[in-house]
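Undergrad: This is the structure, below, for whatever I ask next.
There are 2 protein chains.
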Amino acid sequence: MKVSKEQAARHREALIEAGSTLLKERGFDGASVADISEKAGLTQGAFYRHFASKDALAAEACRHACAENYSISLEMLGNPDSDMAAFIENYLSPEHLDAVAEGCPMAAYANEIRRQDKDIQAAFVSGFEQYAELLQRTMPESLDPKILKSRSQLIVAAMVGNLVIARALKATDPILSQEILQTAREELVALATS
Amino acid sequence: MKVSKEQAARHREALIEAGSTLLKERGFDGASVADISEKAGLTQGAFYRHFASKDALAAEACRHACAENYSISLEMLGNPDSDMAAFIENYLSPEHLDAVAEGCPMAAYANEIRRQDKDIQAAFVSGFEQYAELLQRTMPESLDPKILKSRSQLIVAAMVGNLVIARALKATDPILSQEILQTAREELVALATS
Numbered sequence: 654m655k656v657s658k659e660q661a662a663r664h665r666e667a668l669i670e671a672g673s674t675l676l677k678e679r680g681f682d683g684a685s686v687a688d689i690s691e692k693a694g695l696t697q698g699a700f701y702r703h704f705a706s707k708d709a710l711a712a713e714a715c716r717h718a719c720a721e722n723y724s725i726s727l728e729m730l731g732n733p734d735s736d737m738a739a740f741i742e743n744y745l746s747p748e749h750l751d752a753v754a755e756g757c758p759m760a761a762y763a764n765e766i767r768r769q770d771k772d773i774q775a776a777f778v779s780g781f782e783q784y785a786e787l788l789q790r791t792m793p794e795s796l797d798p799k800i801l802k803s804r805s806q807l808i809v810a811a812m813v814g815n816l817v818i819a820r821a822l823k824a825t826d827p828i829l830s831q832e833i834l835q836t837a838r839e840e841l842v843a844l845a846t847s
Numbered sequence: 654m655k656v657s658k659e660q661a662a663r664h665r666e667a668l669i670e671a672g673s674t675l676l677k678e679r680g681f682d683g684a685s686v687a688d689i690s691e692k693a694g695l696t697q698g699a700f701y702r703h704f705a706s707k708d709a710l711a712a713e714a715c716r717h718a719c720a721e722n723y724s725i726s727l728e729m730l731g732n733p734d735s736d737m738a739a740f741i742e743n744y745l746s747p748e749h750l751d752a753v754a755e756g757c758p759m760a761a762y763a764n765e766i767r768r769q770d771k772d773i774q775a776a777f778v779s780g781f782e783q784y785a786e787l788l789q790r791t792m793p794e795s796l797d798p799k800i801l802k803s804r805s806q807l808i809v810a811a812m813v814g815n816l817v818i819a820r821a822l823k824a825t826d827p828i829l830s831q832e833i834l835q836t837a838r839e840e841l842v843a844l845a846t847s
């Protein structure tokens, strides 16, 4: 069956979006080409017309998920009522705790990245750096720029760690899970403004 | 073939140790019953004489890995020359960056825990709580006990997040990876003593 250029582009986009969601929900080993193709409403044959391998799709999906995460946060920071505290509080919110598939790719699969191929790793690294730069731009300018950069990276990694731990504890101890988010909101906002 | 009680106990222990290492290296989806049995020097038949399923072994392996991680840190803290700063610095060391299989299970697979069955989740939660309590016992006693508890949990989650991110970046950007560890050592030691 011939597909038009526009259809082909739509199919490619659908595969990337399906991959973005499923990799976050199920991890790199848990999401198969069959699962991703089915979620995109396409066959595995169609998948391989667009991507040479699952890894090739995964690199695009990781890039897409990082860009989406960045856009959502950027939009929030563009709101005049919003600020750095809101940025951190939103990341560590009860809503983000539950929204794995719609949420931050770093919290969804950071610990799997070291096992992935180098294109996936590169997409992840650039996503992390851009996200930390976004936080950095909202922090007090009175700090030394070098400290500002390293502190923003520390805070992003700490936000990721606290969200990941809160998600891991959620089913067993939902109260502790919420307490961890709350403490992290307070302490990391304080660290970002000190 | 009949095996003695002592042999059976040794086989069980070997399977738990093999599982503990392989789950950290490859993740819950990446380590199969075949891999774990082979690493333990046993057949899959022997595996199923000890464990009803991979999940049953994984819960024991997670408990074992958390206990081992705790013991190593406890031993270090038992050293009179050692203290809370050394504890955090050791966790965020270049050695721990490389030692995935011998290192902390939380950093190896925290983001996979929300997808696991409840016995695995319970083993992980109790491992996290014990580890945070260990840190708490070395922190300044002048702090309010409730703050001490929540801050020690925050610091453990932040240590995990920073180590995970440093490992994810290591192949692509080894310098940034080391910088992240260094900043985290400085800032988290400061937070633990303030």
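Which chain is which? The protein sequence lines are A and B, in order. Here the first sequence is numbered in my numbering, starting from 654 and rising by one per residue. Here the second sequence is numbered in my numbering, starting from 654 and rising by one per residue. Here a beta-carbon is modelled for each residue, glycine too, at the ideal position from N, C-alpha and C.
From residue 802 of chain B to residue 789 of chain B, what does the alpha carbon distance come to, in whole angstroms?
TA: When rounded, the distance between both Cα atoms is 6 Å.
Undergrad: Three or more C-beta pairs closer than 8 Å, one from the segment 657-677 of chain B and one from the segment 804-814 of chain A: is that the case here?
TA: no
Undergrad: Examine chain A for any beta-carbon lying closer than 9 Å to the beta-carbon of residue 842 of chain B, and answer yes or no.
TA: No, no contact with chain A.
Undergrad: Between residue 773 of chain B and residue 712 of chain B, which are expected to be in contact by the criterion C-beta below 8 Å, what is the C-beta distance as a whole number of angstroms?
TA: 5 Å
Undergrad: I'd like the ranges of any alpha helix (DSSP H) spanning at least 4 consecutive residues and lying wholly in the segment 718-784 of chain A.
TA: 737-744, 747-751, 758-762
Undergrad: In angstroms, rounded to a whole number, what distance separates the CA positions of residue 679 of chain A and residue 791 of chain B?
TA: 37 Å
Undergrad: Closer than 8 Å, Cβ to any Cβ of chain A: which residues of the segment 792-814 of chain B, in chain order?
TA: From the segment 792-814 of chain B, only 803, 804, 806, 807, 809, 810, 811, 812, 813, 814 have a Cβ closer than 8 Å to chain A.
Undergrad: Should residue 693 of chain B be flagged as near chain A, meaning a C-beta pair shorter than 9 Å?
TA: no
Undergrad: Give the interface partners of residue 740 of chain B over in chain A, defined as CB-CB distance under 7 Å, in chain order.
TA: Per Cβ cutoff of 7 Å: no residues; residue 740 of chain B is ~17 Å from chain A at best.
Undergrad: Quick one: give me the first and last residue of the alpha helix (DSSP H) that residue 812 of chain B is part of.
TA: 798-822
Undergrad: Compute the Euclidean distance between the alpha carbons of residue 737 of chain A and residue 694 of chain B, then round it to the nearest angstrom.
TA: 54 Å
Undergrad: Is any beta-carbon of chain C found at less than 9 Å from that of residue 771 of chain B?
TA: Note that chain C does not occur in the displayed structure, where the protein chains are A and B.
Undergrad: Write down the C-beta distance between residue 821 of chain B and residue 777 of chain A rounded to the nearest angstrom, noting that I regard them as a contact closer than 8 Å.
TA: The beta carbons of residue 821 of chain B and residue 777 of chain A sit about 6 Å from each other, so the pair counts as a contact at 8 Å.
Undergrad: Counting only C-beta atoms, is residue 829 of chain A closer than 9 Å to chain B at any point?
TA: yes
Undergrad: How would you list, in chain order, the residues of chain B whose beta-carbon sits under 7 Å from the beta-carbon of residue 857 of chain A?
TA: Any property of residue 857 of chain A remains undetermined from this structure, which presents chain A solely from 654 to 847.
Undergrad: Can you list, in chain order, the residues of the segment 774-786 of chain A whose Cβ is nearer than 9 Å to any Cβ on chain B?
TA: 774, 775, 777, 778, 779, 781, 782
Undergrad: When DSSP labels each residue in this structure, what does residue 826 of chain A get in the three-state scheme?
TA: coil
Undergrad: What residue does the alpha helix (DSSP H) around residue 677 of chain B start on, and which one ends it?
TA: First-last of the alpha helix (DSSP H) with residue 677 of chain B: 658-683.
Undergrad: Please classify residue 655 of chain B as buried or exposed, where buried requires at least 16 other C-beta atoms within 10 Å of its C-beta.
TA: exposed
Undergrad: Once DSSP output is grouped into helix, strand and coil, what is the label at residue 687 of chain B?
TA: The answer is helix: DSSP assigns residue 687 of chain B an H, G or I state.
Undergrad: Would DSSP call residue 832 of chain B helix, strand or coil?
TA: helix
Undergrad: Which word fits residue 833 of chain B, buried or exposed, when buried means at least 16 other C-beta atoms lie within 10 angstroms of its C-beta?
TA: When all chains shown are included, residue 833 of chain B counts as buried.
Undergrad: Determine the chain A residues that contact residue 689 of chain B at a beta-carbon separation under 7 Å, and present them in chain order.
TA: Residues of chain A passing the Cβ test: none, with the nearest at roughly 15 Å.
Undergrad: I'd like to know if residue 832 of chain B contacts chain A, where contact means its C-beta is closer than 9 Å to some C-beta of that chain.
TA: yes
Undergrad: So what does DSSP say about residue 704 of chain A, is it helix, strand or coil?
TA: coil
Undergrad: Give me the Cα-Cα distance between residue 686 of chain B and residue 785 of chain B, rounded to the nearest whole angstrom.
TA: 31 Å
Undergrad: Looking at the structure shown, is residue 655 of chain A part of a helix, part of a strand, or coil, going by DSSP?
TA: coil
Undergrad: Determine, using beta-carbon pairs with one atom in the segment 662-671 of chain B and one in the segment 752-767 of chain A, whether at least three such pairs fall under 8 Å.
TA: no
Undergrad: Give a yes or no on whether the minimum CB-CB distance between residue 679 of chain A and chain B is below 9 Å.
TA: Yes, residue 679 of chain A counts as interfacial toward chain B.
Undergrad: Return the residue from the list A/817, A/841, A/836 that minimises the CA-CA distance to residue 750 of chain A.
TA: A/817
Undergrad: Any beta carbon of chain B sitting closer than 9 Å to that of residue 737 of chain A?
TA: no
Undergrad: Report buried or exposed for residue 840 of chain A, applying the criterion of at least 16 other Cβ atoms within 10 angstroms of its Cβ.
TA: buried
Undergrad: Going by Cα to Cα distance, which pick from A/823, A/844, A/835, A/838 is closest to residue 764 of chain B?
TA: A/823
Undergrad: Can the beta-carbon of residue 676 of chain B be found less than 9 Å from the beta-carbon of residue 719 of chain B?
TA: No; because the gap between Cβ atoms is not below 9 Å, this pair is not in contact.
Undergrad: Strictly under 9 Å for the Cβ-Cβ distance: is residue 686 of chain A near chain B by that measure?
TA: no
Undergrad: Can you tell me which of A/798, A/729, A/740, A/775 puts its alpha carbon nearest to the alpha carbon of residue 830 of chain B?
TA: Nearest of A/798, A/729, A/740, A/775 to residue 830 of chain B, Cα basis: A/775.
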